[in-house]
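Numbering (numbering that gives the first Met the number 0), first residue to last: 0 to 310. Glycine included, C-beta positions come from ideal geometry on N, C-alpha and C. If you're wondering where the values come from, they're calculated on a predicted model, not measured in any experiment.
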Amino acid sequence: MSSQTTELFHDASLTPSLGAEPGDWLALLKPRVVSLVVFTGAIGLIIAPGHINPLIGAIAIFCIALGAGAAGAINMWYDRDIDAIMRRTTSRPIPAGKIEAAGALGFGVVLSVISVLLLAMATNLCAAAVLAFSIFYYAVIYTIWLKRRTPQNIVIGGGAGAFPAVIGWAAVTGNIGLLPMVLFFIVFFWTPPHFWSLSLYASTDYEKAGVPMLPVVKGARHTRWNVFVYTLILFPLALSPWFMGLTGWVYGATALVLGTVFVYYAWGVLRDRQDAKGVSLTKDQPARACFKFSILYLFLLFAACAVDRLV
Numbered sequence: 000m001s002s003q004t005t006e007l008f009h010d011a012s013l014t015p016s017l018g019a020e021p022g023d024w025l026a027l028l029k030p031r032v033v034s035l036v037v038f039t040g041a042i043g044l045i046i047a048p049g050h051i052n053p054l055i056g057a058i059a060i061f062c063i064a065l066g067a068g069a070a071g072a073i074n075m076w077y078d079r080d081i082d083a084i085m086r087r088t089t090s091r092p093i094p095a096g097k098i099e100a101a102g103a104l105g106f107g108v109v110l111s112v113i114s115v116l117l118l119a120m121a122t123n124l125c126a127a128a129v130l131a132f133s134i135f136y137y138a139v140i141y142t143i144w145l146k147r148r149t150p151q152n153i154v155i156g157g158g159a160g161a162f163p164a165v166i167g168w169a170a171v172t173g174n175i176g177l178l179p180m181v182l183f184f185i186v187f188f189w190t191p192p193h194f195w196s197l198s199l200y201a202s203t204d205y206e207k208a209g210v211p212m213l214p215v216v217k218g219a220r221h222t223r224w225n226v227f228v229y230t231l232i233l234f235p236l237a238l239s240p241w242f243m244g245l246t247g248w249v250y251g252a253t254a255l256v257l258g259t260v261f262v263y264y265a266w267g268v269l270r271d272r273q274d275a276k277g278v279s280l281t282k283d284q285p286a287r288a289c290f291k292f293s294i295l296y297l298f299l300l301f302a303a304c305a306v307d308r309l310v
C-alpha cells in the first residue's frame, strides 16, 4: 500500500456522520454514473440466451447498481482531497463536510460485500466474481493506483465501466460469452474519447488538483488527436458484433449511423483551435458537444442490441 493511501486511512475521521441526510449518502453512490451502469447491465440480462426469473433479474440489476455505487463511494473517500480543490466536485458530500471520510469508506466497503454476496446467492458465482473484480478494478486499480500516476489512467481504467453487460449476461448463463466480451471492449474503447472530451474543458480543475490527465500532461492538441483516433478505432469495433453474426440488422444499422455521427463530433474536437491550456470553454464548444453525444451514443447502441435480440 502506498504512503499516500496509508495517510488517507490514517486521517480518515472516525466520527459518525450524524448530520448527513439520505440524499448525501445517495450522492456518494454517484447516481448519474450508476444509471448508465444499470442500463448496460440490464442489456446484458436481456441479450443473454436462456431465461431468468424476473425477480432474480431485478435482484441482479440491483446488485450491479449497489456494487457500482459502492465503488463510487470508495472513490469519493480516496479522492476527497482533490475533490475539495476541483470546482465541479467541491459540493460532493465529503469535501462539503456532510459526511465523514471514515463513514464514506465504511459505507462503500459494506455495500460492496453485500452486493457481491447477494448476487452470488441470487444467481451464480461467476456473476458475483465479475462484480467483485469490477469493484476492485474501479476502487483500487483505477482510483488508487492509476488516476494520479499516469495520463493513461482513463485508457486502462476504462475496463471499470465495461463490466456490467458481462455481469448481466453471466447472471443468466453462469458463464461469459463472446457477445458480452465484445460489448466489454466497445465500452473500453468508448471511455477514452468520452472522458478525454470532458477533460478538455475541465483541464484547469485537473491541473489545479495535480491529476495527470492527458490535456494537463500532453496538452490539448495531443488530447484531441487521441479523441479522434480512439473514435476511429471504436467505429469498426462497434460494428463487429454484426460482422461476426452475433447481432442482426437493427444493431448493425444503428452502429453504422451512430459511429458515423460520433466520428463527426470527434472530427470537430480535432479541428478545434482552442489549444491553450486551461481555456474555459463555453457550452457550444466541440469537446462538450462530443462528451454529451458520447453518452447518447452508448445508450442508443446498447438499446439497439437489446431491440435486435427481441425482434
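Relative to the C-alpha of residue i, which residue among the options is closest?
i: residue 287; options: 297, 296 and 264; result: 264
i: residue 152; options: 212, 185 and 172; result: 212
i: residue 299; options: 258, 267, 289 and 69; result: 258
i: residue 169; options: 125, 261, 92 and 270; result: 125
i: residue 233; options: 172, 261, 219 and 223; result: 261
i: residue 21; options: 92, 209 and 141; result: 92
i: residue 81; options: 210, 216, 215 and 309; result: 210
i: residue 166; options: 293, 107 and 59; result: 59
i: residue 201; options: 214, 189 and 190; result: 214
i: residue 123; options: 24, 56, 289 and 203; result: 56
i: residue 194; options: 290, 148, 203 and 107; result: 290
i: residue 107; options: 148, 24, 136 and 147; result: 24
Let me confirm a value: residue i is counted as buried when at least 16 other C-beta atoms fall within 10 Å, else exposed. Which label applies?
i: residue 99; result: buried
i: residue 304; result: buried
i: residue 79; result: buried
i: residue 243; result: exposed
i: residue 133; result: buried
i: residue 241; result: buried
i: residue 163; result: buried
i: residue 235; result: exposed
i: residue 89; result: exposed
i: residue 225; result: buried
i: residue 31; result: exposed
i: residue 198; result: buried
i: residue 150; result: buried
i: residue 53; result: exposed
i: residue 223; result: buried
i: residue 145; result: buried
Could you tell me how far apart the beta carbons of residue i and residue j are, in whole angstroms, since I believe they sit closer than 8 Å?
i: residue 192; j: residue 230; result: 5 Å
i: residue 28; j: residue 68; result: 3 Å
i: residue 111; j: residue 181; result: Between residue 181 and residue 111 the Cβ distance is about 27 Å, and since that is not below 8 Å, they are no contact.
i: residue 85; j: residue 207; result: 7 Å
i: residue 301; j: residue 42; result: 4 Å
i: residue 196; j: residue 256; result: About 20 Å; that fails the 8 Å criterion.
i: residue 254; j: residue 237; result: 5 Å
i: residue 143; j: residue 77; result: 6 Å
Only counting the same chain, and skipping five residues up and downstream in sequence, which positions put a Cβ closer than 8 Å to that of residue i?
i: residue 295; result: none
i: residue 310; result: 247 and 249
i: residue 94; result: 79, 82, 83 and 88
i: residue 33; result: 64, 67, 68 and 71
i: residue 292; result: 260, 261 and 264
i: residue 148; result: 211
Starting from the C-beta of residue i, find all residues in its chain whose C-beta is less than 6 Å away, skip the five residues before and the five after it, and write them out in chain order.
i: residue 161; result: 183, 186 and 187
i: residue 19; result: 97 and 98
i: residue 307; result: 246, 247, 249 and 250
i: residue 141; result: 156 and 159
i: residue 26; result: 92
i: residue 271; result: 285
Taking 7 Å as the limit between beta carbons, can you name the residues of its chain near residue i, skipping five residues before and five after?
i: residue 114; result: 62, 65, 66, 69 and 130
i: residue 171; result: 44, 47, 49 and 51
i: residue 138; result: 70, 73 and 74
i: residue 217; result: 150
i: residue 317; result: With the chain represented from 0 up to 310, any question about residue 317 goes unanswered, as that position is not in the structure.
i: residue 127; result: 115, 118 and 119
i: residue 190; result: 153, 157 and 160
Using 8 Å as the cut-off, can you tell me whether the stretch 70-77 makes contact with the stretch 102-118, which would need three or more C-beta pairs spanning the two stretches below that distance? Touching, yes, given that three or more Cβ pairs across the two stretches are closer than 8 Å.
Does the stretch 160-177 come within contact of the stretch 35-55, defined as at least 3 CB pairs closer than 8 Å? Result yes; three or more Cβ-Cβ pairs closer than 8 Å.
Below 8 Å, how does it come out for the stretch 139-159 and the stretch 32-44: are there three or more Cβ pairs, yes or no? Judged by pairs of C-beta atoms under 8 Å, the stretch 139-159 does not touch the stretch 32-44, as fewer than three such pairs exist.
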